[in-house]
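J.: Before I ask anything, here is the structure I am working with.
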Amino acid sequence: MSSSPPTFNPPQAAPSGSKLWLWVLLAVVAFCLIACGIGFFMMRGVMGSIMPTFGCTITGDMVTKATLAYAIEHDGRLPNAETWQDDIAPYYERLYAINAAELEEIPDVLGMDFKVSPPGQPFECDWKEGPDTGFVFNEEFSEVLVDDIENPRSVILIFESSKYGYNASGNPDDRTGDPPDMVVMGDRESREWFDFDATGHGDLLDSLNADFDMEISIEDALSDPGSEPDDAVEPDEAEEADEPE
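Residues in the sequence shown are numbered consecutively from 5, following this note's numbering.
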């Protein structure tokens, strides 16, 4: 008898249908209050400067959640490093479609530049100043079972790099150079690379000691939300269920 694949227990998903635009606005306002006080024009200037940072991290978060959703529907196994972006495409498209309307409201409300990578293109961060970067799959985890990863909270699954492209994979230890600086009110602030671990968690504005939990749900990316691979009905069982008594 062949052994069944190990059960993949995904990390706790955020509530479905959460107001992502509201989360971003609150996070930005909180940052502004800490960094620059409560003056409206000053706050607006800071928000305009760091909006690309939020767009980048939300792209990375959706990429990571889509990758984990792929594993859920493929017996807990992560995609192949050579085709990973093609593999997770339908999952990313679902997350983008669910969140796009809320994301598109942000520039209209704030009058600021806010971009998230659309489906079918390299997962990139479009920086006005400094080199563009994008997200890359850690080739070490090509077709690896998520349950076989020791200390998933401590390993990098999706990472930001200046060398990126469609289906780009590599090793985060091979990155060269420094990540782009953040520009806050005309002043440059250094930061760390934006990386996401195998639980779907990422640090936002790490160099400023800020840590936000993205409101993007893995369940929203699934083709059949709420189901687990082990819950699927075997073909023979389905035929028996359809037979009249």
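Note that beta-carbon positions come from the ideal geometry of N, C-alpha and C, so glycine has one too. Small disclaimer: the values here were computed from a predicted structure and weren't measured.
Classify residue 155: buried if its beta carbon has 16 or more other beta carbons within 10 angstroms, exposed otherwise.
T.: exposed
J.: Could you check how far apart the C-beta atoms of residue 71 and residue 83 are, in whole angstroms? I think they sit under 8 Å.
T.: 7 Å
J.: Contact defined as beta carbons within less than 8 Å: I believe residue 140 pairs with residue 165. What is the distance between those atoms, to the nearest angstrom?
T.: 5 Å
J.: Name the two residues that bound the continuous beta strand (DSSP E) containing residue 162.
T.: Annotation: the continuous beta strand (DSSP E) that includes residue 162 extends over 160 to 165.
J.: So what does DSSP say about residue 39, is it helix, strand or coil?
T.: Note that residue 39 scores a pLDDT of 48, beneath 50, so its modelled location is shaky and nothing firm can be said.
J.: By Cβ distance below 7 Å, which residues in the same chain neighbour residue 92 in space, the five residues on each side in sequence not counted?
T.: 70, 71, 74, 83
J.: If you draw a straight line from the alpha carbon of residue 162 to that of residue 119, how long is it in whole angstroms?
T.: 19 Å
J.: For residue 97, I'd like the list of residues in its chain whose CB is within less than 6 Å of its CB, leaving aside the five on either flank, ordered along the chain.
T.: 123
J.: Look at the alpha carbon of residue 222 and the alpha carbon of residue 183, and state the distance between them as a whole number of angstroms.
T.: Distance between the alpha carbons of residue 222 and residue 183 is about 27 Å.
J.: From residue 86 to residue 142, what does the alpha carbon distance come to, in whole angstroms?
T.: The straight-line gap separating the alpha-carbon atoms of residue 86 and residue 142 is approximately 11 Å.
J.: Excluding sequence positions up to five away, which residues of its chain have a Cβ less than 7 Å from the Cβ of residue 171?
T.: 86, 87, 88, 89, 90
J.: For residue 201, which beta-bridge partners are listed by DSSP?
T.: 160
J.: If the criterion is Cβ atoms closer than 8 Å, does the pair residue 201 and residue 176 meet it?
T.: no
J.: Once you ignore the five residues that flank residue 102 on each side, which residues in its own chain have a CB closer than 7 Å to its CB?
T.: 224
J.: Between the C-alpha atoms of residue 99 and residue 226, what's the straight-line distance to the nearest angstrom?
T.: Each residue's Cα considered, the two are about 9 Å apart.
J.: On the premise that residue 126 lies in contact with residue 168, defined as a C-beta separation below 8 Å, what is that separation, rounded to the nearest angstrom?
T.: 6 Å
J.: Quick one: Cα of residue 186 to Cα of residue 128, how far?
T.: Between residue 186 and residue 128, the C-alpha separation is close to 16 Å.
J.: What residue from 228, 219, 59 has the CA that sits closest to residue 130's CA?
T.: 59
J.: What would DSSP say about residue 196, mapped onto helix, strand or coil?
T.: Coil.
J.: To the nearest angstrom, report how far apart residue 64 and residue 174 are at their CA atoms.
T.: 16 Å
J.: Run the CB neighbour count on residue 181, radius 10 Å, all protein chains shown included, and call it buried at 16 or more, exposed below.
T.: The residue in question, residue 181, is exposed, as its Cβ has fewer than 16 Cβ neighbours within 10 Å.
J.: Taking all protein chains shown into account, decide if residue 147 is buried (16 or more other Cβ within 10 angstroms of its Cβ) or exposed.
T.: It is exposed - the Cβ of residue 147 has fewer than 16 other Cβ atoms within 10 Å.
J.: To the nearest angstrom, how far is it from the Cα of residue 153 to the Cα of residue 194?
T.: 31 Å
J.: Nearest-angstrom Cα distance between residue 136 and residue 157?
T.: 27 Å
J.: Tell me, please, which residues DSSP counts as bridged to residue 81.
T.: 149
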